[in-house]
Amino acid sequence: MYYTRITQIERLTDEVATLYFSICLRSYPGQFVMVYVPGCEEIPLSLSSSNSVTVKAVGETTASLVNAKEGQYVGVRGAFGSAFTPSKRALIVAGGIGIAPMKYLYEYLMKCGSKVSVVYGERTAKNLFWLDKFDRITVTTEDGSFGLKGTVLDALKLEKLDEYEKIYVCGSEGMLRATYDFLKERDALDKAEFSLERYMRCGIGVCGSCVIENGLRVCADGPVFNASELPW
Ligand SMILES: Cc1cc2nc3c(=O)[nH]c(=O)nc-3n(C[C@H](O)[C@H](O)[C@H](O)COP(=O)(O)OP(=O)(O)OC[C@H]3O[C@@H](n4cnc5c(N)ncnc54)[C@H](O)[C@@H]3O)c2cc1C
Ligand code: FES
Numbered sequence: 001m002y003y004t005r006i007t008q009i010e011r012l013t014d015e016v017a018t019l020y021f022s023i024c025l026r027s028y029p030g031q032f033v034m035v036y037v038p039g040c041e042e043i044p045l046s047l048s049s050s051n052s053v054t055v056k057a058v059g060e061t062t063a064s065l066v067n068a069k070e071g072q073y074v075g076v077r078g079a080f081g082s083a084f085t086p087s088k089r090a091l092i093v094a095g096g097i098g099i100a101p102m103k104y105l106y107e108y109l110m111k112c113g114s115k116v117s118v119v120y121g122e123r124t125a126k127n128l129f130w131l132d133k134f135d136r137i138t139v140t141t142e143d144g145s146f147g148l149k150g151t152v153l154d155a156l157k158l159e160k161l162d163e164y165e166k167i168y169v170c171g172s173e174g175m176l177r178a179t180y181d182f183l184k185e186r187d188a189l190d191k192a193e194f195s196l197e198r199y200m201r202c203g204i205g206v207c208g209s210c211v212i213e214n215g216l217r218v219c220a221d222g223p224v225f226n227a228s229e230l231p232w
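Residue 1 is where the sequence shown starts when you use my numbering, and the numbers rise one by one after that.
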């Protein structure tokens, strides 16, 4: 582990902030880092660029990161895990804080000259951020306070899935499973990649904390999986 300084903090909503590190990590979109906050725990966070993480406060460690001060030091290990496979025509599907690794992926694909569409769903308008970062974006909110009323699945139903070479999905477990079922129904599972979350300790495939039902480890075999690797 090495210690890096937080050079900049961008507050995105009441609960979400992006923390920029003083170092760039050699990494690809979809990979994660283990971040240690002195006095708290070490937690996995996806990279939202090669030198940042975007965090939602859900418990003690994430809250201490969201409320961190510029100049503070955190411990970082990584980047670890599998990355998304690039494609020329891509559909990104993000639910909630699942948008965090997708910004890194979007920027990477745009640099490669890919055409990228984004579907981004949240419960309500006040949780949305980064809408100006994506050219082709469809937004959904469950309460209808912004964009299309409903979930990302309602927006997916409007997409011509045949047009896409790859479909990248990141969000809560419920959202991932519902998207998996929907893409299966539409015969589009073979081009989908899913980013999973599990409780992690070592982050490098040793401790077994993050094993899923079929024995694969989210930290070392994932977090990005092809649909065919998932036991759903
Ligand atoms: C590969 C990976 C990438 C991630 N990327 C991001 C990211 O970019 N931004 C972000 O905000 N969060 C991300 N997370 C989730 C983040 O690691 C957890 O929110 C964090 O560990 C919670 O720690 P805490 O001490 O704040 O809360 P805790 O008190 O530990 O937990 C608060 C709540 O969150 C649940 N929780 C904790 N850890 C996880 C987990 N790994 N998966 C699902 N639920 C969990 C707990 O059950 C509890 O309900 C990622 C997780 C993984 C595995
Ligand atoms: S966190 Fe230890 S094996 Fe994945």
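Even for Gly, the Cβ is constructed at its ideal location relative to N, Cα and C. Just so we're clear, the structure is a prediction, and the values are computed from it rather than from any experiment.
From I204 to A220, what does the alpha carbon distance come to, in whole angstroms? The residue you call residue 204 lines up with position 204 of the sequence shown. The residue you call residue 220 lines up with position 220 of the sequence shown. Roughly 6 Å between the two C-alpha positions.
_If I measure Cβ to Cβ from A68 and keep anything under 7 Å in the same chain, skipping five residues before and after, which residues do I get?_
Counted from its first residue, the sequence shown places residue 68 at position 68. Counting only Cβ-Cβ distances below 7 Å, and skipping sequence neighbours, we find I6, I9 and L19.
Practice problem: For M200, count neighbouring C-beta atoms within 10 Å of its own C-beta (all shown protein chains included) and say buried if the count is 16 or more, exposed if not. | Solution: Stepping through the sequence shown from its first residue, residue 200 is reached at position 200. Sixteen is the threshold: when 16 or more other Cβ atoms of the shown chains lie within 10 Å of the Cβ of M200, as they do, the residue is buried.
>> Under 7 Å, CB to any heavy atom of ligand 2. Which residues pass, going along the chain?
In response: Counting only beta-carbon distances shorter than 7 Å to the non-hydrogen atoms of ligand 2, the qualifying residues in chain order are M200, R201, C202, G203, I204, G205, V206, C207, G208, S209, C210, V211, R217, V218, C219 and A220.
| Residue from G208, D162, S209 and E193 with nearest C-alpha to L230 | Residue mapping note: residue 230 aligns to position 230 of the sequence shown, counting from 1. Put simply, of G208, D162, S209 and E193 the residue whose alpha carbon is nearest the alpha carbon of L230 is E193.
Discussion item. Please report the distance separating the alpha-carbon of P38 from that of K157.
Written reply: Your numbering for residue 38 matches position 38 in the sequence shown. Your numbering for residue 157 matches position 157 in the sequence shown. One C-alpha to the other measures close to 45 Å.
Is the stretch 118–127 touching the stretch 145–163, taking contact as three or more C-beta pairs under 8 Å?
Flag = yes, the stretch 118–127 and the stretch 145–163 touch.
Review point. If we count the other Cβ atoms within 10 Å of its Cβ and call it buried at 16 or more, is G95 buried or exposed?
Key: The residue labelled residue 95 in the question sits at position 95 within the sequence shown. Under the 10 Å beta carbon count, G95 is surrounded by 16 or more other beta carbons and is classified as buried.
| request: Assign N51 to one of three DSSP states: helix, strand, or coil. | output: By one-based count along the sequence shown, residue 51 stands at place 51. Collapsing the DSSP output to three states places N51 in coil.
DSSP three-state call for T62: helix, strand or coil? Residue numbering aside, residue 62 sits at position 62 when the sequence shown is read from its first letter. It is helical.
Am I right that A79 and L47 are in contact with their C-beta atoms under 8 Å? What's the rounded C-beta distance?
Indexing the sequence shown from 1 puts residue 79 at position 79. Indexing the sequence shown from 1 puts residue 47 at position 47. Contact flag correct, Cβ pair sits at about 6 Å.
Problem set entry | Where the beta strand (DSSP E) through R136 begins and ends | Residue mapping note: residue 136 aligns to position 136 of the sequence shown, counting from 1. For R136, the uninterrupted beta strand (DSSP E) run begins and ends at R136 to T141, by DSSP.
message: Taking the alpha-carbon of S228 as reference, which of A188, V76 and A63 has the nearest alpha-carbon?
response: Residue numbering aside, residue 228 sits at position 228 when the sequence shown is read from its first letter. The shortest C-alpha separation from S228 is found at A188.
Hey, would you say the C-beta of G59 is under 6 Å away from at least one heavy atom of ligand 1? Stepping through the sequence shown from its first residue, residue 59 is reached at position 59. Yes; taking the cut-off as 6 Å, the Cβ of G59 has a heavy atom of ligand 1 nearer than that.
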